[in-house]
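Asker: Under my numbering, think of the first position of the sequence shown as 6, with each following residue one higher.
Before I ask anything, let me first share the structure, which is written out below as structure tokens.
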Amino acid sequence: MKTVTRAAARSLKQQVTVLGGSVTVVWAGFAAQTVTGNALLAYGIRPRTVDGLWGILFAPFLHGSPQHLLANTVPLLVLGWLVMLRDARHFVPVTLLSMLGAGLCAWTLGAPGSVHVGASGVVFGFLGFLILAGWFARSLGAIALSVLVTVLWGGLVFGVLPGQPGISWQAHLGGFIGGALAAKWLAPRRARLL
Numbered sequence: 006m007k008t009v010t011r012a013a014a015r016s017l018k019q020q021v022t023v024l025g026g027s028v029t030v031v032w033a034g035f036a037a038q039t040v041t042g043n044a045l046l047a048y049g050i051r052p053r054t055v056d057g058l059w060g061i062l063f064a065p066f067l068h069g070s071p072q073h074l075l076a077n078t079v080p081l082l083v084l085g086w087l088v089m090l091r092d093a094r095h096f097v098p099v100t101l102l103s104m105l106g107a108g109l110c111a112w113t114l115g116a117p118g119s120v121h122v123g124a125s126g127v128v129f130g131f132l133g134f135l136i137l138a139g140w141f142a143r144s145l146g147a148i149a150l151s152v153l154v155t156v157l158w159g160g161l162v163f164g165v166l167p168g169q170p171g172i173s174w175q176a177h178l179g180g181f182i183g184g185a186l187a188a189k190w191l192a193p194r195r196a197r198l199l
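Below you can see the structure in the form of structure tokens.
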């Protein structure tokens with residue numbers, strides 16, 4: 006029993022450290038952006054420009070306002086924790102594939118002259134991963150978590166559609182696709198459906 010308790014405590018400590026560190030880096034990015042008078046927004050994703058490709062790396066750490074940052078922080082923590090709860094080793098690849106998907110989609114489909122910033126592409130990547138991981142993993146626990154996430158957070162999926170001006174549905178769509186690809190890629194080999 007003590008071994009299980011120690012393992013659970015160690016796992017929780019790792020999750021808190023990784024998630025806390027990730028959110029701290031996002032907030033530090035916004036702080037640096039604020040200190041520079043928003044000059045760092047130039048490092049967001051600028052569609053179909055060579056320099057705009059750098060935004061794939063930097064956009065998740067830049068935000069349009071404190072409200073934008075806060076709106077991304079809670080789902081980053083909750084959905085990021087659920088990704089780690091499935092398997093802590095999945096957090097980094099899911100995050101990177103979500104960033105890549107969000108960035109490439111915003112860069113390819115974004116309006117000319119626009120700048121895309123924010124961590125919502127990563128949030129949608131976590132969502133896509135969590136919703137589809139049960140399908141690809143074919144385990145009761147993974148399916149239960151997928152159903153729970155779909156019930157509680159599934160309404161966010163509509164954010165991948167064009168809608169409110171100033172909201173990067175392109176990054177949301179790309180992040181979701183990146184998360185879905187991560188779910189397929191990280192599924193146990195014996196469980197893969199496709």
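Backbone N, C-alpha and C fix where the C-beta goes; we use that ideal spot for every residue, glycine too.
Within 10 Å of its beta-carbon, does residue 199 have 16 or more other beta-carbons around it, so buried, or fewer, so exposed?
Answerer: Residue numbering aside, residue 199 sits at position 194 when the sequence shown is read from its first letter. Because the pLDDT of residue 199 is 44, which lies under 50, any placement of that residue in the model is unreliable, and the question is left without a value.
Asker: Identify whether residue 121 lies in helix, strand or coil by the three-state DSSP scheme.
Answerer: Translated into positions along the sequence shown, residue 121 becomes position 116. Note: residue 121 maps to strand in three-state DSSP.
Asker: Would you please verify whether the beta carbon of residue 64 is less than 8 angstroms from any beta carbon of chain B?
Answerer: No chain B appears in the structure shown, which is made up of a single protein chain.
Asker: Any chance you could list the beta strand (DSSP E) runs of at least 3 consecutive residues sitting entirely within the segment 81–156, in chain order?
Answerer: Complete beta strand (DSSP E) runs here, min 3: none at all.
Asker: How big is the Cα-Cα spacing for residue 197 and residue 55?
Answerer: As a working mapping, residue 197 is identified with position 192 in the sequence shown. As a working mapping, residue 55 is identified with position 50 in the sequence shown. Below a pLDDT of 50, predicted positions are generally treated as unreliable, and residue 197, at 45, falls in that range; the measurement from the model is reported next regardless. Rounded to the nearest angstrom, the two C-alpha atoms are 37 angstroms apart.
Asker: Could you check how far apart the C-beta atoms of residue 108 and residue 69 are, in whole angstroms? I think they sit under 8 angstroms.
Answerer: The residue given as residue 108 occupies position 103 in the sequence shown. The residue given as residue 69 occupies position 64 in the sequence shown. Not confirmed; about 17 angstroms, so no contact.
Asker: Compare the Cα-Cα distances from residue 161 to each of 106, 128, 39 and 117 and report the closest residue.
Answerer: Here residue 161 is taken as the residue at index 156 of the sequence shown, counted from 1. Nearest option by C-alpha distance: 128.
Asker: Using 8 angstroms as the Cβ pair cut-off and three pairs as the minimum, do the segment 111–127 and the segment 71–87 touch?
Answerer: Taking 8 angstroms as the limit for Cβ pairs, the verdict is that the segment 71–87 does touch the segment 111–127.
Asker: Taking contact to mean 3 or more Cβ pairs, one atom from each stretch, closer than 8 angstroms, check whether the segment 178–195 and the segment 129–140 are in contact.
Answerer: Touching, yes.
Asker: Where residue 140 and residue 92 are concerned, what is the direct C-alpha to C-alpha distance, given to the nearest angstrom?
Answerer: Along the sequence shown, one-based indexing puts residue 140 at 135. Along the sequence shown, one-based indexing puts residue 92 at 87. Those two C-alpha atoms are separated by around 16 angstroms.
Asker: Would you kindly check if the distance between the Cβ of residue 117 and the Cβ of residue 71 is under 8 angstroms?
Answerer: The residue given as residue 71 occupies position 66 in the sequence shown. The residue given as residue 117 occupies position 112 in the sequence shown. No, they are not a contact pair.
Asker: Less than 8 angstroms separating the beta-carbons of residue 24 and residue 95?
Answerer: Here residue 24 is taken as the residue at index 19 of the sequence shown, counted from 1. Here residue 95 is taken as the residue at index 90 of the sequence shown, counted from 1. No.
Asker: Would you say residue 49 and residue 35 are within 8 angstroms of each other, going by their C-beta atoms?
Answerer: Position 44 of the sequence shown, counted from the start, is the residue given in the question as residue 49. Position 30 of the sequence shown, counted from the start, is the residue given in the question as residue 35. Cβ distance not < 8 angstroms, so residue 49 and residue 35 don't count as in contact.
Asker: What three-state label does DSSP hand residue 50 in the structure shown?
Answerer: Here the question's residue 50 lines up with position 45 in the sequence shown. DSSP places residue 50 in strand when its eight states are reduced to three.
Asker: Alpha carbon to alpha carbon, how far is residue 99 from residue 188?
Answerer: Within the sequence shown, residue 99 is the residue found at index 94, counting from 1. Within the sequence shown, residue 188 is the residue found at index 183, counting from 1. Spanning the two alpha carbons is a distance of roughly 8 angstroms.
Asker: Taking buried to mean at least 16 other C-beta atoms within 10 Å of its own C-beta, is residue 146 buried or exposed?
Answerer: Taking the first residue of the sequence shown as position 1, residue 146 is located at position 141. Exposed: under 16 other Cβ atoms inside 10 Å.
Asker: Just verifying my parser: in three-state terms, what is the DSSP assignment at residue 171?
Answerer: Your numbering for residue 171 matches position 166 in the sequence shown. Three-state result, residue 171: coil.
Asker: Can residue 115 and residue 175 be called in contact, C-beta distance under 8 angstroms?
Answerer: The residue you call residue 115 lines up with position 110 of the sequence shown. The residue you call residue 175 lines up with position 170 of the sequence shown. Yes, they are a contact pair.
Asker: Looking at the unbroken alpha helix (DSSP H) that takes in residue 21, where does it start and where does it end?
Answerer: Counted from its first residue, the sequence shown places residue 21 at position 16. Segment 7–40, the alpha helix (DSSP H) holding residue 21.
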